[in-house]
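Number of protein chains: 2
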Amino acid sequence: MNVLDKNLQVASDAEAPIASTRLRQGKLVSSVITLAHGGGGKAMRDLIDDVFINAFSNSSLNTLEDQARFQLSDLAQYGDRLAMTTDSYVIDPIFFPGGDIGKLAICGTVNDLAVGGAKPLYLTCAMIIEEGMQVSTLKQIVQSMADTAKAAGVLIVTGDTKVVERGSCDKIFINTAGIGVIKKDYQLGVHKAQAHDRILVNGYLGDHGAAILNARGDMHLSSPIESDCAPLHELIEVLLNAAPNTRFIRDATRGGIASVINEIADASKCGIEIQETATPIRNEVKGFCEILGLDPLYLANEGKLVAVVPAAETAAALAAMRAHPLGRDAADIGYVLEDGRAGRVQMQTSFGGKRIVDMLVGEQLPRIC
Amino acid sequence: MNVLDKNLQVASDAEAPIASTRLRQGKLVSSVITLAHGGGGKAMRDLIDDVFINAFSNSSLNTLEDQARFQLSDLAQYGDRLAMTTDSYVIDPIFFPGGDIGKLAICGTVNDLAVGGAKPLYLTCAMIIEEGMQVSTLKQIVQSMADTAKAAGVLIVTGDTKVVERGSCDKIFINTAGIGVIKKDYQLGVHKAQAHDRILVNGYLGDHGAAILNARGDMHLSSPIESDCAPLHELIEVLLNAAPNTRFIRDATRGGIASVINEIADASKCGIEIQETATPIRNEVKGFCEILGLDPLYLANEGKLVAVVPAAETAAALAAMRAHPLGRDAADIGYVLEDGRAGRVQMQTSFGGKRIVDMLVGEQLPRIC
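Sequence lines, in order, name chains A and Z. Using the working numbering, you'd call the opening residue of the first sequence number 853 and step up by one each time. Using the working numbering, you'd call the opening residue of the second sequence number 853 and step up by one each time.
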């Protein structure tokens, strides 16, 4: 009678911590996440009140219904089109130099909205938590989400909490979906790159990938590389104001800038050349990549964007980005070829030769975001 | 040098299946999900093209950008308010009598939108997949999502794919977030129940919970209980047309109808009484609950709603629901007391006594949805 055993075992797992919880002002308080916290009953309600509502508190957060609601007329003040995106975050480790999974889950989705020219407005937050996680750890992650959302000017408006048995997920996975509104003027698209357009980035590449690699392993290097995890909506606003004919922007996350630039070349049916010497990569990151046989062009970023800007607006775009804290090291790293082969990306190397920069085929680092 | 070992091992894990994949029309084709499929590069692109785009194909599915876009003016034709919701699905097993995790992931989010009076329109789809899953299994789940979305009249417009190492998640977790638009006339709220309002349900309760329990264990019972997993948007439209002053609707998922009715009593500061004899529960489900010591009022449903309807509109509401295939067995199971203690739910039992029906405190069945 396995089902009974399983059931009884689950019941005892779930009840033991409940029994040891204290009642504080009529709320169940436990220091460890149990399966009961995902059960849809009182334990879950109390966890939501205690952890999520406290941290995310805002007037749009609907605590009683399973949905958040907005007046369409309020949204229309920002523009004419709604943008919608989603990402799940499964990063390992969940805390790393420069951030944690909570900060990442806000930045990643804010950036996916902002790169389309949207003002990010509202986010959902759905958590899958492994039984046994310390409530204090969860609180730390949730507080980080709240702080990052505040800094990014977005509201977390609804959510979901699931708890799975020990061993059925690795600590915590977070999904955020987001909506924003795109200004009428903005018509960005990955297929819009034209000959002579310049390829810009807003700073040093590969920091996130290298920081996670460093945090995950035990190389005991004293390198202080931190993840670049940051919300880019303000920088993008600044960039689009300075260069209103910008063709396309994308944050260079999994797959690195190599994958983004390949997607541009592919969708715009053009060739692109980038200059190795112009591409900003920290010496520490280069060193990491040399030791591990990785290519920094494929390393993930969480606060770096690739922008395709018409040549005539490049100087203004660079100046505007460099005046913003998240664009201080912005660089012009290449351009769209006039006679390039459609879909091909090449790099002028520091030795003077040229090499093909293909899309990432396999996987450099799993669970990088 | 653990980090190197780890990295090399990951590389070989990821490369082995890639090496054994075939190239079909320039696409990497593999029969097993590898970490490379979550890497953001070519393997992921090809998986997305092969599995997701094929199944979800629709004009709003933005395959080139990380966001879907809609004209706000198009949304405004349906009503005045946008509704937004999210849920992650971690059900075990992923295939069960009456459905699978894909069908559930569509129905659950469609229902969370519809219960607020919203017309469900657009869904996101974010998957966390365990390395080693058969691509054919994934395709089956994705096809089920596509079929259910089509039946529910919603479009899947953007998504995300993550792959985690073997043992870091249990097969597959799916998050869907959704948006819909609420008609100007509808003002549903959990705090709106009033004395004498009736509590209606649309059919037999607890089927989903019992079906999952049966599918998970090995009791070898021949009971043909199937999950009630279904999209309820049409039934809700029918109900709201017949009973336009309906106070509140919610789907009774985790925590069962007991938790929903407690939330109503709590938010509306009223007492509610339900009648055991009027509450539709199949004999098979009752039998299950007796054997396992479970209370069917707490069993999860995935195609059942609780509606609070003014007494004057109850007959019309019941007739309208019973004329719809998903409401054939709709029942009036109780009412809001005039002099009940705020927040208390009681049941008139079949033996003639009364008992308190509290909110679920612990967990009856983990990973039920």
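Backbone N, C-alpha and C fix where the C-beta goes; we use that ideal spot for every residue, glycine too. Please read these numbers as outputs of a predicted model, since none were measured by experiment.
- In this model, K1156 (chain A) and D1181 (chain A) are separated by some 11 Å (Cα to Cα).
- Residues of the stretch 930-941 of chain A with a Cβ closer than 7 Å to any Cβ of chain Z, in chain order: D932, R933, L934, A935, M936, T937, T938, D939, S940.
- For G1108 (chain A), the enclosing alpha helix (DSSP H) stretches over residues 1108-1119.
- With distances taken between CA atoms, D1147 (chain Z) lies nearest to Z:R1207 out of Z:D1118, Z:R1207, Z:I1101.
- Boundaries of the alpha helix (DSSP H) harbouring V994 (chain Z): 987-1004, taken from the DSSP string.
- In terms of Cα proximity to I1109 (chain Z), the closest of A:V903, A:D901, A:G892 is A:G892.
- For M1211 (chain A), the closest Cβ of chain Z is nearer than 7 Å.
- In the three-state DSSP reduction, M1199 (chain Z) falls in the strand class (E or B).
- Taking the beta carbon of Q923 (chain A) as reference, the chain Z residues within 9 Å of it are D932, R933, L934, listed in sequence order.
- No Cβ-Cβ contact shorter than 7 Å links L965 (chain Z) with A1001 (chain Z).
- Spanning the alpha carbons of D939 (chain Z) and I1185 (chain A) requires a straight line of approximately 41 Å.
- With contacts defined as CB atoms closer than 7 Å, G1030 (chain Z) and L1084 (chain Z) fail to qualify as a contacting pair.
- Scanning its chain for C-beta atoms nearer than 6 Å, with the 5 sequence neighbours on each side dropped, one finds around G1032 (chain A) the residues A935, L965, A970, K971, P972, L973, in chain order.
- Only residues of its own chain outside the window of five on either side were considered, and among them K1036 have a CB closer than 6 Å to the CB of D932 (chain A), listed in chain order.
- For T1028 (chain Z), the enclosing beta strand (DSSP E) starts and ends at 1024-1034.
- Put simply, the CB of A1082 (chain A) is far from chain Z, with every gap to its CB atoms at 7 Å or more.
- Looking at the backbone, the Cα of L1092 (chain Z) and that of T961 (chain A) are separated by about 35 Å.
- M1173 (chain Z) and V1188 (chain Z) have their alpha carbons spaced roughly 21 Å apart.
- Your pair L913 (chain A) and V1042 (chain Z) does not check out as a contact, with CB atoms roughly 15 Å apart and the cut at 8 Å.
- Under the three-state reduction of DSSP, T1129 (chain Z) is assigned to helix.
- Setting aside the 5 residues that flank it on each side, I1051 (chain Z) is surrounded in the same chain by I1113, I1124, I1126, V1158, V1160, I1185, G1186, Y1187, each with a C-beta closer than 7 Å to its C-beta; the list follows chain order.
- Going by DSSP, C977 (chain Z) is part of the beta strand (DSSP E) stretching over 970-982.
- Linking M997 (chain A) to R897 (chain A) through their CA atoms gives a straight-line distance of about 20 Å.
- For a cut-off of 8 Å, the C-beta gap from E1154 (chain A) to T1105 (chain A) is around 6 Å, short enough to register as a contact.
- In this structure, the alpha-carbon of Y1038 (chain A) lies about 8 Å from that of P1096 (chain A).
- Only those residues of the stretch 941-954 of chain Z whose C-beta falls short of 7 Å from the nearest C-beta of chain A are listed: V942.
- Counting along the chain, the unbroken beta strand (DSSP E) around L1007 (chain A) starts and ends at 1007-1016.
- For K894 (chain A), the neighbours in chain Z by C-beta distance under 7 Å run, in chain order, M1211, L1212, V1213.
- The straight-line gap separating the alpha-carbon atoms of V884 (chain A) and E1017 (chain A) is approximately 13 Å.
- A buried status is given to P1218 (chain A), since no fewer than 16 other beta-carbon atoms sit within 10 Å of its beta-carbon.
- Our two residues, A895 (chain A) and H1176 (chain A), have alpha carbons roughly 45 Å apart in a direct line.
- In the displayed model, T937 (chain Z) falls within a strand according to three-state DSSP.
- For the C-beta of L965 (chain A), the chain Z residues within less than 7 Å are, from N- to C-terminus, Q919.
- The beta carbon of D926 (chain Z) is closer than 8 Å to none in its chain, skipping five residues each way along the sequence.
- Contacts between Y974 (chain A) and chain Z, judged by CB atoms closer than 8 Å, involve M936 in chain order.
- In the three-state DSSP reduction, A1152 (chain Z) falls in the coil class, being neither helix nor strand.
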